[in-house]
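Taking it in order: structure first as C-alpha cells, then the write-up.
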Amino acid sequence: MVNVEKNYVHRIEDFQFMEGIFDLCRVFRDRGFLLVIVTNQAGIARGFYTLAQFESLSAWMRRRFSEEGLELSGIYHCPHHPSITGDCPCRKPHPGMLLQAASDLDLDLPHSVLLGDKPSDLEAGRRAGLSRLGLVHGHTSLESVRYGAHGNLPLSDFAELISRLGPDQV
Ligand SMILES: [Zn+2]
Numbered sequence: 150m151v152n153v154e155k156n157y158v159h160r161i162e163d164f165q166f167m168e169g170i171f172d173l174c175r176v177f178r179d180r181g182f183l184l185v186i187v188t189n190q191a192g193i194a195r196g197f198y199t200l201a202q203f204e205s206l207s208a209w210m211r212r213r214f215s216e217e218g219l220e221l222s223g224i225y226h227c228p229h230h231p232s233i234t235g236d237c238p239c240r241k242p243h244p245g246m247l248l249q250a251a252s253d254l255d256l257d258l259p260h261s262v263l264l265g266d267k268p269s270d271l272e273a274g275r276r277a278g279l280s281r282l283g284l285v286h287g288h289t290s291l292e293s294v295r296y297g298a299h300g301n302l303p304l305s306d307f308a309e310l311i312s313r314l315g316p317d318q319v
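In terms of this note's numbering, the numbers along the sequence shown are unbroken and rise by one, the last being 319.
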C-alpha cells in the first residue's frame with residue numbers, strides 16, 4: 150500500500166508512492182507509533198530482480214521517507230515464492246516478518262496497527278496476534294480504510310480516529 154500497484158516494481162522510475170501515504174504515516178508517528186514496512190517480494194524468487202536491486206530500492210525509499218521527515222524503523226521482505234523456493238514462514242499471510250520485526254524492535258503487537266491492501270496482509274497480522282487491522286482501498290491514492298467495527302472510513306476520518314485516540318485506544 151506504500152506504492153501504486155504495478156507488476157513487480159523494482160526500479161525507482163516505476164515506483165510511485167500512493168498519494169496520502171506520507172500524511173498518514175505522520176499521523177501514526179505523531180501518536181508514537183514506529184513505522185515498519187513488511188513486503189512480499191516474490192520477484193526475487195522468480196528472478197525478475199535481485200536482492201541487491203531490492204535493497205537499493207529500499208534505501209531510496211528510506212531516503213524519500215526521511216525527506217518527508219519520517220523515519221522507517223524497518224523494511225522486512227520475503228524473497229520467496231512457494232512454487233519456486235517452497236513454503237517459508239515469512240511470506241504473508243504467514244506472520245514471520247511481523248514476528249521478526251516485533252523481536253528486533255520490541256514492538257507491542259497487540260497495540261500495533263497493521264494496514265494493508267490485501268486480505269493476506271491482514272491475515273498475517275491476525276496470525277501474529279494483532280487485532281487492529283485496516284484494509285486500505287485506493288488505486289493511486291489512499292481513499293478509505295476498512296477498520297474493524299468502525300467500518301469503511303474515508304482516509305481523513307481514519308486519520309482523525311488515529312490522532313484522536315492514543316496508541317492504547319486505537
Ligand atoms: Zn519468505
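All C-beta atoms, glycine included, are put in the ideal place defined by N, C-alpha and C. Note that this is a predicted model, so its numbers are computed, not measured.
- Per DSSP, the continuous alpha helix (DSSP H) segment holding V176 begins and ends at I170 to D179.
- Rounded to the nearest angstrom, the Cβ distance from L282 to R275 is 7 angstroms, consistent with a contact under 8 angstroms.
- Under the DSSP assignment, T188 falls in the beta strand (DSSP E) whose first and last residues are L184 to N189.
- H229 has its Cβ nearer than 8 angstroms to a heavy atom of ligand 1.
- Around the beta-carbon of P244, 16 or more other beta-carbon atoms lie within 10 Å, marking it buried.
- Only exposed fits L254, as fewer than 16 other CB atoms lie within 10 angstroms of its CB.
- In the displayed model, S261 falls within coil according to three-state DSSP, outside both helix and strand.
- As DSSP reads the structure, S293 sits in a beta bridge with H286 and P303.
- Classified as buried, H226 has 16 or more neighbouring CB atoms from the shown chains inside 10 Å of its CB.
- Remark: the shortest separation between the CB of G196 and any heavy atom of ligand 1 does not fall under 8 angstroms.
- Within the DSSP bridge table, the entry for C227 names N189 as partners.
- Distance between T234 and V294, taken at the CA atoms: about 33 angstroms.
- Under the 10 Å beta carbon count, L314 is surrounded by fewer than 16 other beta carbons and is classified as exposed.
- Taking a 10 Å sphere around the C-beta of I161, we find fewer than 16 other C-beta atoms and assign the residue as exposed.
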